[in-house]
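Trainee:
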Amino acid sequence: MPVGIIGHYRCGEHNMGEHHPENGKRLTAISDQLIRSGLDYVVRQFDSKPIDKSLLALAHTQEHIDFVFDNAPSEGEENFTVGEDSVMSDKTLTSIMYSAGAAVDAVDLVMDGTLSAAF
Numbered sequence: 149m150p151v152g153i154i155g156h157y158r159c160g161e162h163n164m165g166e167h168h169p170e171n172g173k174r175l176t177a178i179s180d181q182l183i184r185s186g187l188d189y190v191v192r193q194f195d196s197k198p199i200d201k202s203l204l205a206l207a208h209t210q211e212h213i214d215f216v217f218d219n220a221p222s223e224g225e226e227n228f229t230v231g232e233d234s235v236m237s238d239k240t241l242t243s244i245m246y247s248a249g250a251a252v253d254a255v256d257l258v259m260d261g262t263l264s265a266a267f
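Start counting the sequence shown at 149; every next residue gets the next number (the working numbering).
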């Protein structure tokens with residue numbers, strides 16, 4: 149059974165600034181390394197779907213979910229500072245939804261026997 153990687157280009161759109169380690173370049177680096185190593189032909193890749201918002205409550209309090217959604221900047225708005233080292237850009241909420249959706253999709257693909265493991 150194959151191993152899979154589940155993601156979406158929207159997962160990499162969260163932007164905390166060019167020099168912050170949490171950026172889309174990490175995902176590009178992983179993809180580039182898979183290609184260089186020849187593993188891109190062995191590992192199955194799937195595009196994630198955004199998570200159903202109701203599933204977020206399985207891992208987070210409703211208060212936290214509301215805070216994130218209520219404070220997510222709209223397109224063109226300034227970043228919102230979440231804590232001492234985190235900000236939300238206008239693309240962060242979409243990135244969150246596709247990233248969390250990737251986790252759900254990974255579990256589903258392993259549980260239905262399509263994959264032996266997923267990342």
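Cβ coordinates follow ideal geometry from the N, Cα and C atoms, glycine included.
So for Ile154, helix, strand or coil by DSSP?
Mentor: strand
Trainee: Using beta-carbon positions only, say whether Asp174 and Ser243 come within less than 8 Å of one another.
Mentor: Reading the sequence as shown, one finds Arg at residue 174 and not Asp. No; because the gap between Cβ atoms is not below 8 Å, this pair is not in contact.
Trainee: Counting along the chain, where does the alpha helix (DSSP H) carrying Phe215 start and finish?
Mentor: 210-219
Trainee: Just the C-alpha distance for Thr176 and Val216, rounded to the nearest angstrom, thanks.
Mentor: 26 Å
Trainee: Which residue wins for smallest C-alpha separation from Leu182, given the options Leu263, Met245, Ile153?
Mentor: Ile153
Trainee: Could you check if Gly160 is buried or exposed, using at least 16 other CB atoms within 10 Å of its CB as the buried criterion?
Mentor: buried
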